[in-house]
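So the structure is just underneath, and the comments pick up after that.
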Amino acid sequence: MSLKTVLILLGLALATILALVCVLLTRERTPRTCQHLPPEQEDAEDGQSLVFADLTAEEMSQVVRYLQGHLGVPLVEASRAKPSDNCIASVDVQVPAKAEVLRFLDGGGARPPREALAVLYFGNQAEPNITEYVVGPLPTPGYHRDVTVQKYGGKVPYHRRPVTGKEYMDINALIQRELRKAPRFLTACCESDGSNLAILTTAPRGFKSGDRRTWFVLFHNVAGAGYYLSPVGLEVLVDHGDLHVSRWQLLQVFYNGQYFASTGDLEQEFVAGALEVVRLKQPQAVAVLGSLKPRRPPGSPGPQQFEPQGPRYSVRNNHVTFQGWSITFGMNPNTGPRLFDIRYRGERIVYELSLQEALALYGSNCPGGMSTRYLDGSFGIGRFAYELVQGLDCPYTATYVDRHYLAESDTPKTNQKSLCIFEHDSAIPLRRHFSDSQSLYYGGLRKNTLVIRTISTLINYDYIWDFMFHGSGAVEVRVHATGYISSSFFHGQGTDYGNRVGPHTLGTMHLHHIHYKVDLDVDGQLNSLETQDMEYEFVKDPWSTQNTIERPYLRRKRLEKEDEAAFPLNVPMPRYLSFVSPNPNRWEHPRSYRIQIISFAGKHLPTNSSMERSISWGRYQLAVTQRKEEEPTSTSIYNQNDPWTPTVAFADFINNETITNKDLVAWITVGFLHVPHAEDIPNTVTVGNGVGFFLRPYNYFNEDPSVDSSDSVYFSSGQDVGACGANPLACLSSAAACAPHLPPFHFKGFLNL
């Protein structure tokens, strides 16, 4: 072998070695394996979040045992209790006063005592009433105190109590007995003896305080499909206000546009040939209007999100951290999801962010539909948040959390996996720029968001509740409506109140209005409210005085009183509205968070309505008030069954107090008008049916905080864009090899029903 050949071979070997070294050095900057890495610990979780924690199942049981042994009255389990009995209706955590909590969280003070709030129905008393007790300290109760008068100014009348499952069962039994008085009519109209008809409640229940008279709508019931789309035209009015079930009675019957005094009268009219009957066939499961069964065999699977090295967020107890965010989460069995002590980069932005109420108000030419104003909190927004379906309701690899509740039972129940937490790749840049002049480069950041989600099924509707936390320091709150529409039997001028969506089905128009409480603490508790909007001014051109120019300018205003800060629904309000701190950022602007509302709300109930005060929060798309411990919620579960004398009237919160440098609360209403149409069959889709709001930093920082994200991408024209160490996008091909082994699919959501 010649010397020249040896030198060539040595050169090639040296080049190969250098290439391998470069490859290895580059690879050293990426994870060597697909092993899960622990999330960054932005702040150590030392158990402080437990000051807000929902009750454990054991704590609920301890409260029940304590009440059973210390009230000195007989208590019947709510699932068996008659109206004339005493029972424990619900038990939930009593969140301590804000001042106590902040002394503990921020001032090194003692942890507030852990307490529960118990709601009891006292039907077996000389004056039946609803009483609320605070019970503590947990986990071993030793005291209870009646807080009803303190909270509501007096005892809560018994007729305001929500209807229990046992009460509905007794009503259904009464209706079935009454239906048996019209056998020939039922056979003709519905091919039924009444036993296979589904019965749906309406609310409220009458026209004045003390009434408990409810219209119930009857539907064909087909297993495996939504009966809500198959009304038979029959509705009944039941008086169930007496403490003794034997005295309840059916007051009226409605069928196909006509009213009758009883089912017996209805039968007589039919037998006499004086009644026009629409003869409906019993629906078959294969062709029923509301079936959700797939019509095609499964296709190829769609795209899936996965985390190559495990979740980048951390969940411990009721606390989650993610890339600078720190959030405490929980669930109220009545009002649903609630978040506390939301911090970004160690600074508290929101003390409380909680759902307050969901209103569904209907129109129809049938009595049940036209009288329906559902206040879902009285039914249980949190209680009816069931197990989420992994891979559909939330990503397959999301973190799923169980929630416990105690309602209408002496035994706690668990809705397994009823809340999920996940990081979401929105498939859109949070920010980006491609530079094509001067210097050539690209810079951007993917919009990855932490999502906390739960879904409530409230009779026919399913509400998807999302709370999202962005890398820009923004909080996004969003609700989507899906599930089945509610319907009426199509007759007469039905299309004045909706659209026909089936042979005899009227999709009835309705509005969804949702209310939230947002206790912002922007750079401290003391904030003010500032608005900004644009105007035009006409000025002479400085460089050409014979001409004029229309120049936009910024109009700023500080709002000083609550009345100024109550913005009526559907009336334009300032485009920029912010909670401002007394402290400036580097550029001498007050550190602020802006409230940006995305809503298509319908019209609020006229203020001269006898029940409007019970939902007076709906007058306003935004109202800002002084925070008060005695104004914790904008409504009450007792408003549903006595809206004519509301237990809590939000309108009373607005009394023109100062809102300058005070602890303030923003009360936000979002919603939409829904006129059902053919494409709402079988289900309403989420597309276009989502509303919500943003809390966005506005001069709170000195620059966009997302510039510190380790996910940022930047490369220039002179750079090797394929080098994984310099460009994270070049690492994705190797990350794809880290696809997780998915656990088998499981679902146990039907067990607690």
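Numbers -19 to -1, 1 to 734, taken from mature numbering (1 follows the signal peptide of the UniProt record, and there is no 0), label the letters of the sequence shown in order.
Glycine residues also receive a C-beta, built at the ideal position from the N, C-alpha and C atoms.
In its chain, beyond the 5 residues on either side, 426 have a beta carbon closer than 6 Å to the beta carbon of residue 693. The C-beta distance from residue 211 to residue 197 rounds to 15 Å, too long to fall under 8 Å, and the pair is not in contact. In the DSSP assignment, the residues bridged to residue 426 are 412. Pairing residue 690 with residue 130, the inter-Cα distance amounts to about 51 Å. Per DSSP, residue 162 lies in no beta strand (DSSP E) and is assigned neither H nor E. Checking the DSSP bridge columns, you'll see residue 466 has no partner listed. DSSP lists 495 as the bridge partner or partners of residue 339. Pairing residue 123 with residue 359, the inter-Cα distance amounts to about 30 Å. A direct Cα-Cα distance of roughly 7 Å separates residue 381 from residue 402. At the C-beta level, residue 183 and residue 317 stay beyond 9 Å of one another. For residue 244, the enclosing alpha helix (DSSP H) starts and ends at 244 to 252. Closest in C-alpha terms to residue 436, from the list 81, 730, 90, comes 730.
For the set 482, 591, 413, 641, the Cα lying nearest the Cα of residue 188 is the one of 591. Residue environment for residue 302: buried (at least 16 other C-beta atoms within 10 angstroms of its C-beta).
When DSSP reads this structure, residue 696 sits in a beta bridge with 423. DSSP places residue 479 inside the beta strand (DSSP E), whose first and last residues are 479 to 483.
Contact between the segment 79 to 88 and the segment 104 to 119 is absent: fewer than 3 CB-CB pairs across the two stretches fall below 8 Å. Residue 99 has its alpha-carbon roughly 8 Å from the corresponding atom of residue 70. If you check the CB distance, residue 258 and residue 170 come in under 9 Å.
The Cβ atoms of residue 501 and residue 645 sit closer than 9 Å to each other. If you look at residue 132, you'll find it in the alpha helix (DSSP H) that goes 129 to 133.
Straight across, the Cα-Cα distance linking residue 432 with residue 671 is about 16 Å.
Taken through DSSP and simplified to helix, strand or coil, residue 544 comes out as helix. CA-to-CA, the gap between residue 32 and residue 581 works out to about 37 Å. The continuous alpha helix (DSSP H) containing residue 40 extends over residues 38 to 51. Residue pairing of residue 726 in beta bridges, as defined by DSSP: absent, with no partner found.
A Cβ-Cβ contact shorter than 9 Å links residue 623 with residue 185. Excluding its 5 nearest sequence neighbours in each direction, residue 566 has C-beta neighbours in its own chain below 6 Å: 572, 680, 683, listed in chain order. For residue 490, no beta strand (DSSP E) segment is defined, and its DSSP state is neither H nor E. Straight through space, the alpha carbons of residue 300 and residue 95 are spaced by roughly 17 Å.
In this structure, the alpha-carbon of residue 636 lies about 60 Å from that of residue 165. In this chain, the alpha helix (DSSP H) harbouring residue 351 covers 348 to 351. With contacts defined as CB atoms closer than 9 Å, residue 441 and residue 473 fail to qualify as a contacting pair. The alpha-carbon separation between residue 192 and residue 314 amounts to approximately 26 Å. Residue 82 carries a helical assignment under DSSP once its states are collapsed to helix, strand and coil. Within a 10 Å sphere around the beta-carbon of residue 443 sit 16 or more other beta-carbons, which makes this residue buried.
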